[in-house]
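Sequences listed follow chains A and B, in order.
Note that numbering that gives the first Met the number 0 has the first sequence beginning at 0, numbered continuously upward.
Note that numbering that gives the first Met the number 0 has the second sequence beginning at 0, numbered continuously upward.
Protein chains: 2
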Amino acid sequence: MRWNEIDTQVCSVARALSVVGDRWTLLILRDCFTGVRRFDAMQKSLGITRHRLSDRLVRLVDSGVLNKVPYQERPLRHEYRLSEMGKELYPVVLSLAHWGDKWLDDGDGAPIQHVHNNCGHVVRSVLACSECGEALEPRAVTPQVGPGIMRKHERGEMGEQDAERLPPFVKGPVA
Amino acid sequence: MRWNEIDTQVCSVARALSVVGDRWTLLILRDCFTGVRRFDAMQKSLGITRHRLSDRLVRLVDSGVLNKVPYQERPLRHEYRLSEMGKELYPVVLSLAHWGDKWLDDGDGAPIQHVHNNCGHVVRSVLACSECGEALEPRAVTPQVGPGIMRKHERGEMGEQDAERLPPFVKGPVA
DNA sequence: TTCGTTAGTTCTAAATTGGAACTAACTATA
DNA sequence: TATAGTTAGTTCCAATTTAGAACTAACGAA
Numbered sequence: 000m001r002w003n004e005i006d007t008q009v010c011s012v013a014r015a016l017s018v019v020g021d022r023w024t025l026l027i028l029r030d031c032f033t034g035v036r037r038f039d040a041m042q043k044s045l046g047i048t049r050h051r052l053s054d055r056l057v058r059l060v061d062s063g064v065l066n067k068v069p070y071q072e073r074p075l076r077h078e079y080r081l082s083e084m085g086k087e088l089y090p091v092v093l094s095l096a097h098w099g100d101k102w103l104d105d106g107d108g109a110p111i112q113h114v115h116n117n118c119g120h121v122v123r124s125v126l127a128c129s130e131c132g133e134a135l136e137p138r139a140v141t142p143q144v145g146p147g148i149m150r151k152h153e154r155g156e157m158g159e160q161d162a163e164r165l166p167p168f169v170k171g172p173v174a
Numbered sequence: 000m001r002w003n004e005i006d007t008q009v010c011s012v013a014r015a016l017s018v019v020g021d022r023w024t025l026l027i028l029r030d031c032f033t034g035v036r037r038f039d040a041m042q043k044s045l046g047i048t049r050h051r052l053s054d055r056l057v058r059l060v061d062s063g064v065l066n067k068v069p070y071q072e073r074p075l076r077h078e079y080r081l082s083e084m085g086k087e088l089y090p091v092v093l094s095l096a097h098w099g100d101k102w103l104d105d106g107d108g109a110p111i112q113h114v115h116n117n118c119g120h121v122v123r124s125v126l127a128c129s130e131c132g133e134a135l136e137p138r139a140v141t142p143q144v145g146p147g148i149m150r151k152h153e154r155g156e157m158g159e160q161d162a163e164r165l166p167p168f169v170k171g172p173v174a
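If you want it as structure tokens, here you go:
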């Protein structure tokens, strides 16, 4: 399977990665979250080639993650800003940062700290349950077949390949 | 800059992505979280080539994200299990899944739902502050220079390139 | 003896990437 | 008016990476 077909999988992680799973893309978004918005600034901060950056920005704009907005006319210049869709990737980026802080520390501690304005503390991020507010541990979460799979199955749109790719907890007529 | 030099950047996101930022790697980890542990099962579920999968698994084991443990002898067979380091990527994977659910829905709803055993609800994940428990919004978080950058700077180890790559909020002698 | 299972490795053509130079449309300065 | 500077790209080619398919190895079962 080619990477550009990955979004045909019946899986939200696969679909999400079809948009932001490229090597450089999440680093570009990291820059957006730290206030880097312009082409040359991104290119310098990332060390990506101009060609790659240009290509990735076009894709991110096309997929709705970034908006390209003019910040001056004559000469016309644009900057790249996170859309609402893009802003909601904050949990992904911050989780990655904190995971890197913890596990890939080179002994000097976190390069960047995050202060929560509301409480004033340097924070880590914690994944919490939207319903009860408790921390979400992998062992305390049970995945189950959702409407996305059920409806496709009912309409007979689950191909043989799709069915084979379902996770092992999926039982019964669907798998 | 080549991708295999990306972990030299003074940035935890870059370092994290040097380990899990490959196109297929987060999908492999998704499989691990849903209980897929064996080579052939992963290959089928992902649609990745056997060669790629083999290579990625070796890297993930080398970097400590997965453990390769025997599940039978004669013939000797191994399975791949998340280490503690790997399990702590759960926030990244679950956030990606929920982002995909919300923004890349094809109209049928989430393919997979997550039920929180503690409260019994189908949940979304929310990023919360480790100190006060409130939801962490990007606007309510102030990034600042952490010990990782300061110590490197004090030891004179911040090269010119490193300094140029620091985010715009970093001011003063460091940048 | 032959088939099936699991976990890979090898090979080649095709696609993607990095690096460096080049273009375009302006503005600022001498 | 000539020259340099800024910003945001595009073009080109060599080098690297990937997909797809076939092959290998070590064993167990019929």
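Virtual Cβ for every residue (Gly too), placed ideally from N, Cα, C.
Please report the distance separating the alpha-carbon of residue i from that of residue j.
i                 : j                 : result
Thr141 of chain B : Arg76 of chain B  : 49 Å
Ala162 of chain A : Arg36 of chain B  : 18 Å
Val165 of chain B : Ser44 of chain A  : The sequence given here has Leu at residue 165 of chain B, not Val. Taking the straight line from one Cα to the other gives about 7 Å.
Gly34 of chain B  : Arg150 of chain B : 41 Å
Gln160 of chain B : Thr48 of chain A  : 15 Å
Ala13 of chain B  : Glu153 of chain A : 43 Å
Lys86 of chain A  : Val92 of chain A  : 10 Å
Asp105 of chain A : Asn117 of chain A : 30 Å
Leu103 of chain B : Ser11 of chain A  : 7 Å
Val68 of chain A  : Ser94 of chain A  : 28 Å
Arg123 of chain B : Leu88 of chain B  : 16 Å
Gly155 of chain A : Gln8 of chain A   : 16 Å
Gly132 of chain A : Ala134 of chain B : 9 Å
Ser62 of chain A  : Gly46 of chain A  : 23 Å
Phe168 of chain B : Pro74 of chain A  : 27 Å
His50 of chain B  : Asp6 of chain B   : 24 Å
Tyr79 of chain B  : Asp39 of chain A  : 42 Å
Pro146 of chain B : Gly145 of chain A : 44 Å
Since residue i and residue j should fall inside the 8 Å C-beta cutoff, what is the C-beta to C-beta distance between them, to a whole number of angstroms?
i                 : j                 : result
Ile148 of chain B : Pro110 of chain A : 5 Å
Gln112 of chain B : Gln112 of chain A : In fact, because the Cβ distance is near 35 Å, the residues do not count as touching under 8 Å.
Are the beta-carbon atoms belonging to residue i and residue j less than 8 Å from one another?
i                 : j                 : result
Val114 of chain A : Val121 of chain A : yes
Leu81 of chain A  : Leu56 of chain A  : no
Leu26 of chain B  : Leu25 of chain A  : no
Leu52 of chain A  : Gln42 of chain A  : yes
Give me the residue from the options with the minimum Cα distance to residue i.
i                 : options                              : result
Glu83 of chain B  : B:Cys31, B:Val169, B:Arg55           : B:Cys31
Asp107 of chain A : B:Arg1, B:Pro167, B:Met157, B:Ile27  : B:Met157
Val19 of chain A  : A:Tyr70, A:Val144, A:Arg58           : A:Arg58
Asp54 of chain A  : A:Pro146, A:Leu135, A:Arg22, A:Arg73 : A:Arg22
Report buried or exposed for residue i, applying the criterion of at least 16 other Cβ atoms within 10 angstroms of its Cβ.
i                 : result
His97 of chain A  : buried
Cys128 of chain B : buried
Asp100 of chain A : buried
Trp2 of chain A   : exposed
Gln71 of chain B  : exposed
Met0 of chain B   : exposed
Pro90 of chain B  : buried
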